[in-house]
Structures are given as structure tokens and as C-alpha cells.
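Chains as they are written, first to last, in this note's numbering: chain E, 1 to 196; chain W, 1001 to 1196.
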DNA sequence: GTCTATACTCCGATAGAC
DNA sequence: GTCTATCGGAGTATAGAC
């Protein structure tokens, strides 16, 4: 998240057009869905023409892919870090903590991914997301434990998503809700870990 | 779920066209997403023309709405039943059990709703789904409990979804996985209930 | 680095014949 | 109940001027 997202008065600054396209596109994609957002709409918001978009990105798909790649590096780093750690409960807790933080700071993108799964699945990045989710579950999971404990690990991740996406619309302080979701998720993996 | 879903050989039977449109449409919507599925495609699968669809349904949106309304009655009945029950732990367990069953027998529709949230939000049924979800959470929830316990109730529902959608692709027996998810979900609301 | 102008495809939807 | 034919519009994308 960098700039110009909320204002409807795009600066005439030059040279940062690519970044501005990414910002506006993500905002609209998250708001209305990927397919329902047209390039014309993105161009209008930036006060440029459709053709200008094609100077910076080869296709519509390229825009979302570039946003995705720029914004999900924290998760890749998290996975890389975790794979070099001992598979202790504390490591797992740290994974959830950092995942929750990454979601909070990239909220728009995560909302987009959550609400446009059908689209994601057909985009080239869909496979990447799926693999990463599996890897994360792998890192949280107890090997050979009962099925219910494996479900707990998946559920822990989904709880973080649920906390971000669903509860946000109901309760008061988003940060408080995030912490509550993190608590529940941590609780879930703790039980799964101890049942080992 | 009625007929002709899996076969690629549509019967030339007449009089059940409306039903066949619903079946094929849901299948394609769930597979490819709502926006990416065109009426032409649906018509081709049924070996009729686009115009024929318009005899049975006023718009594309009407198709998915009709499927939705025909298939989600079990949930409405569940809510109605639960609202007439005392808010005991056993009632809550029964809610989860029946919700899980409803999801299993309407898997395609639930997959569609899960993966096309952005679309759902702009469809007239989106609001209905959201309200129903809130009502269900309300029924599971402990009044005035700590935030974490409220998250547990939401998380319980999401766990059932996670079990259906995510784990299905990994593990062996779907029914076994469903039971495991139900177990974890029940566990979550039990903790929330007892903390009351 | 951005714009004008344009091409082409496909979509959802309608009118009217059979 | 299904067809042919067609509409208006939007979408992605390109060529070429400035």
C-alpha cells in the first residue's frame, strides 16, 4: 500500500504511473472483483487512457500478477525462515503471528484473494497461492497425528482469514479482533501440537 | 443436485429443461466462476441456443438466484428450528451437524459461494447469505463472552467450510474429513459455550 | 511515456418466425 | 419451447502520432 489509493484526485506526477496503476487496480479489484473491473475504469480513475495501461502492463492479468508478486514477499520470507527452524510449538506460534501481521498490512490483496478464488484459480498465480498454503499447513502440522489435528492446523489459518474478513465488518477495533483471532488460531495449533 | 450433472450427454427429454439449465449452469459456475461462464457455453452444453435460455430465465443472474433459492432451504429450516430451541450446547452441536450435512449434499453450490464471494456480494442474494451467516453465528455465540470466544464461533463455521473446500483436495475419504472438521468445529463451540 | 483512433471479439439480451 | 438474426455495449488489444 503506497499512495493515492483513497483520493479521487490523482496527482499529475510522472514516473510513478506504474505504481499508481497497481494501487488503483488493486483497490478496484478488491472492491468490485476482478472481472467486473474494466481497464477503462482503472484508466479513468487515473485520468489516463486505456492505451497508457498497455504501455506499462502487457495484459490485465499482468497487473494483478505484478501486485501479487510485489506484495506477498513477506509470506515467502516467512516460509523460508520457518523451514530453517526446529518444528517447535514456539516456531509455529511465530508463523501464525507473522502471517497475521502480513495479512493485516496487505489487507486489500488478501481480501481480493479471498473473494476472487474462482478467478485466482485460473490465473497463473493461483497455483502459487495454493502451494504456499499447503506449505504453511505442512509447517504447522503434526506428522501422522489424527486427522482432526490436521484439520486444526488448516482451521488455524482459516481462522486468521475469518478474523480479518468476516469479523472486521461487525466488531469495533480491527486490531483487537485480529488479536482475538490470533489467540484462537494459536490455541488450535497448540492443541494439535500437544496431541502429538 | 438432481440429475445430468456429471454426464456430457444431455438427454433430449423435454419438460425438464429448466432443471437441466440449472444443473449445467451450477456445474459451470462452480467450475469456472460466474463471470467467466457465458450463456453461450451453457446453451452449447445443453445443445440449445442462448435464446432458449431466455425463455426459462429472465437474466443470467436469475439462473443462479433460482439455483440458490432451491438449494438453500435446508439452511433456512435449520435456522428456524434452532431459533425455537433453548440455547444449549446440544442445540449448538446439532446446528453444526446439520450445517455440515447441508454443505455436503449441496457441495457444488457451496463451492460456488465460497469461490465467488466478490460476485455474490453484488448479487441480490449476497445480502441474504451474509444475514444468514450472522444469524448462525448469533445462534452459536455466547452472549457477552470474551471476544476470543466469539471468534471461536465464527471459526467453527469456517472450519466446516475449510474441511469441505480445502482438505477435500488433499486427503483420502471426503466423509472422514468432513467428520474430522465437524469434530474440530464442535470442539470450538464447546469451549466458547463453557467459558460462558 | 502518453495519447488518439481503431479493430475485433464476445457478451447479455431482445424481436419475431416457426 | 426453441430457433435465427441482430442489437448495443464493453472488453482486450494494437498501430502509430506526438
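Using N, Cα and C, we set each Cβ at its ideal position, and we do this for glycine too.
- Taking the C-beta atoms as reference points, residue 109 (chain E) is found no nearer than 8 Å to residue 61 (chain E).
- Taking a Cβ-Cβ cut-off of 8 Å, residue 97 (chain E) has no neighbours in chain W, whose nearest Cβ is about 15 Å from it.
- In this structure, residue 1020 (chain W) places its C-beta atom within 8 Å of the C-beta atom of residue 1046 (chain W).
- Using a Cβ-Cβ cut-off of 8 Å, residue 1147 (chain W) counts as an interface residue toward chain E, since at least one Cβ of chain E sits closer than that to its own.
- One thing to note: residue 154 (chain E) has its Cβ within 8 Å of the Cβ of residue 1167 (chain W).
- Residue 1030 (chain W) and residue 1067 (chain W) do not touch by the CB rule: their CB atoms are close to 10 Å apart, not below 8 Å.
- Counting along the chain, the unbroken alpha helix (DSSP H) around residue 1067 (chain W) starts and ends at 1060–1071.
- Remark: C-beta atoms of residue 1171 (chain W) and residue 1177 (chain W) approach each other more closely than 8 Å.
- One Cα belongs to residue 106 (chain E), the other to residue 1084 (chain W), and the distance between them is close to 42 Å.
- For residue 1194 (chain W), the number of other beta carbons within 10 angstroms of its own is below 16, and it is reported as exposed.
- When secondary structure is reduced to three states using DSSP, residue 1049 (chain W) falls in the coil class, being assigned neither helix nor strand.
- Listed in chain order, the beta strand (DSSP E) elements of length 3 or more contained wholly in the region 1096–1142 of chain W amount to none.
- Within chain E, no residue has its CB atom less than 8 Å from the CB of residue 1024 (chain W), the nearest being about 17 Å off.
- With a 10 Å radius around the Cβ and a threshold of 16 neighbouring Cβ atoms, residue 1076 (chain W) comes out exposed.
- For chain W, the residues of the region 25–49 of chain E that bring a beta carbon within less than 8 Å of one of its beta carbons are 32, 33, 34, 35 and 36, in chain order.
- Contacts between residue 116 (chain E) and chain W, judged by CB atoms closer than 9 Å, involve 1033, 1115, 1116, 1117, 1118 and 1119 in chain order.
- Rounded to the nearest whole angstrom, the CA to CA distance from residue 1028 (chain W) to residue 1037 (chain W) is 6 Å.
- Contact note: residue 163 (chain E) reaches chain W through 1151, using a C-beta cutoff of 7 Å and chain order.
- Excluding five sequence positions before and after residue 189 (chain E), the CB atoms of its chain that fall closer than 8 Å to its own CB belong to 89, 92, 93, 96, 140, 152, 153 and 156, given in chain order.
- DSSP places residue 87 (chain E) in the coil class of the three-state scheme, outside both helix and strand.
- By the C-beta density criterion, residue 1072 (chain W) is buried, having at least 16 other C-beta atoms within 10 angstroms.
- Between the C-alpha atoms of residue 1033 (chain W) and residue 1042 (chain W) there is a straight-line separation of about 13 Å.
- For residue 177 (chain E), the residues of chain W that pass the 8 Å Cβ criterion are 1147 and 1151, in the order they occur in the chain.
- For residue 1186 (chain W), the uninterrupted alpha helix (DSSP H) segment begins and ends at 1174–1194.
- The alpha-carbon separation between residue 1169 (chain W) and residue 49 (chain E) amounts to approximately 43 Å.
- Within a 10 Å sphere around the beta-carbon of residue 1115 (chain W) sit 16 or more other beta-carbons, which makes this residue buried.
- The beta carbon of residue 191 (chain E) is closer than 8 Å to those of 149 and 152 in its chain, skipping five residues each way along the sequence.
- Excluding the 5 residues flanking it on each side, residue 162 (chain E) has same chain C-beta neighbours closer than 8 Å at 181, in chain order.
- If you look at residue 1037 (chain W), you'll find it isn't in any alpha helix (DSSP H); DSSP assigns it neither H nor E.
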